[in-house]
Amino acid sequence: MVVGALLTLAGMVVGFGALFYGTDELAKYFLSLVPLGVLMVFTGLVTVVLTEQRHEKRQ
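Take 91 as the starting number for the sequence shown in this note's numbering and just add one per residue.
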């Protein structure tokens, strides 16, 4: 999950920086990494939620 968040953050910062600087090809590459990072975060979150142990309350 952390790797996906870092990938998303780096892709957005470098991608938009390159876009504003004028290097469109580099911006396209880094901005295309953002959906992959979001997918990795979502996959990690779903994995954590589905594999979490459920504790039953006993009286």
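Ideal placement from N, C-alpha and C gives every residue a C-beta, glycine not left out.
How is the alpha helix (DSSP H) around residue i delimited, first residue to last?
i: MET91; result: Here MET91 belongs to no alpha helix (DSSP H), and DSSP marks it neither H nor E.
i: THR137; result: 123 to 141
Please classify residue i as buried or exposed, where buried requires at least 16 neighbouring CB atoms within 10 angstroms.
i: GLY107; result: exposed
i: THR98; result: buried
i: PHE110; result: exposed
i: GLY112; result: exposed
Cβ of residue i within 9 Å of Cβ of residue j?
i: GLY105; j: ALA95; result: no
i: VAL124; j: MET91; result: no
Could you check which residue in the options has the C-alpha nearest to that of residue i?
i: SER122; options: GLY101, MET91, THR133; result: GLY101
i: VAL103; options: PHE120, GLY112, LEU129, ASP114; result: PHE120
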